[in-house]
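Student: Once you've had a glance at the structure underneath, I'll fire off some questions.
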Amino acid sequence: MAELILFYDGACPLCVREIGHLTRLDEQGRIQCEDIQKDDFEMRWPQVDPQEASSILLGYYHGQVIKGLDVTHRAWSLVGRGWLTAPLRWPVVRPVADRVYLWFARHRYTISGVLTGRRRCDSCTSGKCDIPRR
Numbered sequence: 001m002a003e004l005i006l007f008y009d010g011a012c013p014l015c016v017r018e019i020g021h022l023t024r025l026d027e028q029g030r031i032q033c034e035d036i037q038k039d040d041f042e043m044r045w046p047q048v049d050p051q052e053a054s055s056i057l058l059g060y061y062h063g064q065v066i067k068g069l070d071v072t073h074r075a076w077s078l079v080g081r082g083w084l085t086a087p088l089r090w091p092v093v094r095p096v097a098d099r100v101y102l103w104f105a106r107h108r109y110t111i112s113g114v115l116t117g118r119r120r121c122d123s124c125t126s127g128k129c130d131i132p133r134r
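According to the numbering used here, the stretch in the sequence shown is residues 1 to 134, in order.
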């Protein structure tokens with residue numbers, strides 16, 4: 001059973017890349033990734049508001065709701081790479097990092113377009129993603 005259930009936006013090319021990377025590193029199956037764009041999402045996860053999950057990364061860690069960069073740090077920690085995200089949770093950095101993250105979340109499709117050449121990816125939600133997951 002997974003320690004972290006992570007709800008991500010499967011239409012966001014950058015999100016899909018990060019989830020792909022996490023999934024490859026998660027050799028022990030500690031993270032369960034759930035795409036909020038799937039047709040059956042609301043049926044399978046009625047307790048999760050897809051609008052909220054779209055505006056801020058949501059997760060359940062041992063049954064407790066966590067949000068934003070806390071989800072990111074927990075996920076990377078579970079795959080042995082928490083040292084990469086730990087500075088984002090330091091008391092002096094945390095407030096700024098959280099604000100920057102919320103800005104990123106609001107503009108993720110535009111940022112994805114600039115960085116990947118694709119703003120949104122319908123094929124990612126269909127399971128036929130052609131975006132390299134490295």
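Every residue, glycine too, gets a C-beta built ideally from N, C-alpha and C.
The model shown is predicted, which means the values in this text are computed figures rather than measured ones.
How would you call L78, buried or exposed, if buried means at least 16 neighbouring beta carbons within 10 angstroms?
Tutor: Counting from 1 along the sequence shown, the entry for residue 78 is found at position 78. With 16 or more other Cβ atoms within 10 Å, it is buried.
Student: How should H73 be labelled, buried or exposed, when 16 other C-beta atoms within 10 angstroms of its C-beta is the threshold for buried?
Tutor: Position 73 of the sequence shown, counted from the start, is the residue given in the question as residue 73. H73 is buried by the Cβ-count criterion.
Student: Taking the alpha-carbon positions, what's the D9 to C33 distance?
Tutor: Position 9 of the sequence shown holds residue 9. Position 33 of the sequence shown holds residue 33. The alpha-carbon atoms of D9 and C33 are separated by roughly 10 Å.
Student: In chain order, which continuous runs of the alpha helix (DSSP H) of length 4 or greater are located wholly inside the stretch 13-73?
Tutor: The stretch 13-73 contains these whole alpha helix (DSSP H) runs: 13-25, 41-44 and 50-55.
Student: Look at Q37 and A11 and say whether their C-beta atoms are less than 9 Å apart.
Tutor: Against the sequence shown, residue 37 aligns to sequence position 37. Against the sequence shown, residue 11 aligns to sequence position 11. Yes; because the gap between Cβ atoms is below 9 Å, this pair is in contact.
Student: With DSSP as the reference, please indicate the residues paired to Y8 in a beta bridge.
Tutor: Translated into positions along the sequence shown, residue 8 becomes position 8. DSSP, once it has assigned bridges, lists D35 as partnering Y8.
Student: In terms of alpha-carbon separation, which member of L6, T23 and R119 lies closest to F41?
Tutor: As a working mapping, residue 41 is identified with position 41 in the sequence shown. Comparing Cα positions, the closest option is L6.
Student: Can you name, in chain order, every residue of its own chain whose Cβ lies under 7 Å from the Cβ of T23, other than the five neighbours on each side?
Tutor: By one-based count along the sequence shown, residue 23 stands at place 23. C33.
Student: Helix or strand or just coil, what does DSSP make of P91?
Tutor: Here residue 91 refers to the residue found at position 91 of the sequence shown. Three-state DSSP puts P91 in coil, outside helix and strand.
Student: Helix, strand or coil for R106? Go by DSSP, reduced to three states.
Tutor: Position 106 of the sequence shown, counting from 1, holds the residue named residue 106. Three-state result, R106: helix.
Student: Could you check the C-alpha separation between R134 and I19 for me, to the nearest Å?
Tutor: As a position in the sequence shown, residue 134 is number 134, starting the count at 1. As a position in the sequence shown, residue 19 is number 19, starting the count at 1. Low local confidence applies: a pLDDT of 34 at R134 is under 50, so the model's placement there is unreliable, and no value is given.
Student: Closer than 7 Å by C-beta to E3: which residues in its own chain qualify, once you throw out the five before and the five after it? Chain order, please.
Tutor: Taking the sequence shown and counting its residues from 1, the one referred to as residue 3 is at position 3. Counting only Cβ-Cβ distances below 7 Å, and skipping sequence neighbours, we find R30, Y61, H62 and L78.
Student: Going by DSSP, what residue range makes up the alpha helix (DSSP H) through G82?
Tutor: Here residue 82 corresponds to residue number 82 of the sequence shown, with the count starting at 1. Looking at the DSSP string, the run of the alpha helix (DSSP H) that includes G82 is G82 to T85.
Student: Just mark R108 as buried or exposed, buried being the case when its beta carbon has 16 or more other beta carbons within 10 Å.
Tutor: Position 108 of the sequence shown, counting from 1, holds the residue named residue 108. That one is buried.
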